[in-house]
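The numbering of the sequence shown is our numbering, which starts it at 75 and goes up by one. A virtual CB, placed ideally from N, CA and C, is assigned to each residue, including glycine. Bear in mind the structure is a predicted one, so any value in this text is a computation, not a measurement. Right, one structure below, let's go through it.
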Amino acid sequence: MGSALRRAHVGARSRRGRAGGSAAAPPARGAGHGNRRGDPRRRERADHRRPRRGGRGRPRPRDRDGARARALRRPGDPRVLRPRAFTLADLRRGNMATRGQALKLGIFLIGSLVALALLLGAFAGFEDFWRRTERYYVLVPGSVEGLEVGSTVKIRGVRVGRVGALELHPGGFAGVRVALDVPQDTRIPRDAKAFLRFQGLTGLKLVDIDEGSPEAGPLPPGGYIEYGETPIDALTARAGDIVEQVTHLLASTDALMTRLAATAEELELERLNTILRRADGALDHLEQASEQLALTLRETRAPLRETVARTDEALVRAAEVLENVNETVENLGEASNDVRALIQGSDQELRTTVYNLREASQSFKELGRELRLNPSRLLFSRPPRERELP
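Structure (structure tokens):
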């Protein structure tokens, strides 16, 4: 209403100016601000202090551009109307243009939502949503930790479906019933087995159907697939038995060690020391006999060298004597081994061996004494005749 009053007031002033012949020409565009008469702002503000009927003293800031445009407009210029803003009243009246815009907006929003849903479905793996599926069941006797609804179902390594549901068996605590949603055109043999395998290092599992033969025929929808036990499942099931066996073995080992310790404590250390002393004495006698034999051989070496060249019989006899000596030495080694065995064995065997060693030592002493008194006995069967002095 205020704009209408301003237009009427400006029109009245223009008519008064034209009637008096004192109306000034509109100022040229780009006139300087120093010319106050030609400044459109002066014309606009010339009567801003005059009281107006029914109007306000100063226009609002949002209407200043419109007032300036009206002041610069020439009387003969065509009037340009500003576009009217869209309001809720137009929507209530149901204009044709408004209905078209609303229809286009609705179609755009619906299309955007459908495209977004399809995009999310493609990324989320819902490609089986448009397929017709059939459901099969697997009864797992143990835990299905790591298997979730939506997990992958494979047939011999090829992905064909997903896990549709996980629920306890209706019969009680017999296991967990796993529902498998497989495409309708997929055939599962009757003798096939389902295995729970790990997908990777994350701990998640999948269902792998394998070990089936086409000769067995297809399994009808809703049937139960036999559960197969993997090596890991078998090892887990036998872990308790293995632990029990190891525990029993450790207990047996402890009992055996306890008995060995008790036996060692019960041994008579004094008796063992006595046996060792007797063995040391036998070894001393053997050493003495060996020394005497070596001395005897050294004493008889010179006569042997003189008589070797004369007769072959003496060589044969000497060889036999040496063989006997070697056998004696071997017997002495065996006697030493017997002494060690005697130490580990019983006292009676040790006494017998010591006695035999004493007899052998006595024989060696007698042999050495005879050789010392009559060295030529090694070469001749009879001693030489004594020569008579002249």
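Extent of the continuous beta strand (DSSP E) to which residue i belongs
i           : result
residue 256 : 250-257
residue 291 : First-last for residue 291: undefined, no H or E at that position.
residue 282 : 279-284
residue 304 : Unbroken run through residue 304: none, as it is neither H nor E.
residue 208 : 207-214
residue 271 : 267-272
Cross-strand partners of residue i (DSSP beta bridge)
i           : result
residue 57  : The question about residue 57 has no answer here: the residues shown for the chain are numbered 75 through 464.
residue 191 : Per DSSP, none; premise fails for residue 191.
residue 440 : None, per the DSSP bridge assignment.
residue 300 : 267
residue 447 : Residue 447 pairs with nothing; no bridge assigned.
residue 241 : 251
Residue i burial status per 10 Å Cβ neighbour count (16 or more: buried)
i           : result
residue 236 : buried
residue 212 : buried
residue 278 : exposed
residue 105 : Its pLDDT being 45, under 50, residue 105 is placed unreliably by the model, and the measurement read from it follows with that caveat. The residue is exposed, with fewer than 16 neighbouring Cβ atoms inside 10 Å.
residue 94  : Confidence at residue 94 is low in this model, with a pLDDT of 44, below 50, so its placement is unreliable and the value that follows should be read with caution. With fewer than 16 other Cβ atoms within 10 Å, it is exposed.
residue 282 : buried
residue 314 : exposed
residue 353 : buried
residue 447 : exposed
residue 225 : buried
residue 179 : exposed
residue 374 : buried
residue 185 : exposed
residue 438 : buried
residue 210 : buried
residue 356 : buried
residue 370 : buried
residue 393 : exposed
residue 187 : exposed
residue 122 : Confidence at residue 122 is low in this model, with a pLDDT of 49, below 50, so the placement of that residue should be treated as unreliable; the coordinate-derived value is given next. Classification for residue 122: exposed.
residue 320 : exposed
residue 372 : exposed
residue 231 : exposed
Inter-residue Cα distance where the pair is residue i and residue j
i           : j           : result
residue 252 : residue 317 : 31 Å
residue 292 : residue 324 : 52 Å
residue 107 : residue 177 : With a pLDDT of only 46 at residue 107, under 50, the local geometry of the prediction cannot be trusted, and the value read off the model is given with reservation. Looking at the two C-alpha atoms, the distance is approximately 53 Å.
residue 206 : residue 266 : 22 Å
residue 305 : residue 215 : 15 Å
residue 284 : residue 255 : 16 Å
residue 228 : residue 270 : 10 Å
residue 334 : residue 326 : 12 Å
residue 301 : residue 332 : 48 Å
residue 322 : residue 348 : 41 Å
residue 290 : residue 190 : 45 Å
residue 364 : residue 428 : 16 Å
residue 350 : residue 408 : 18 Å
residue 436 : residue 330 : 47 Å
residue 274 : residue 183 : 41 Å
residue 399 : residue 426 : 23 Å
residue 405 : residue 396 : 14 Å
residue 174 : residue 181 : 11 Å
residue 243 : residue 336 : 58 Å
residue 444 : residue 411 : 30 Å
residue 194 : residue 297 : 33 Å
residue 432 : residue 359 : 8 Å
residue 366 : residue 434 : 13 Å
residue 295 : residue 268 : 15 Å
Any C-beta of chain C under 9 Å from that of residue i
i           : result
residue 277 : Chain labels in this structure do not include chain C; a single protein chain is all it has.
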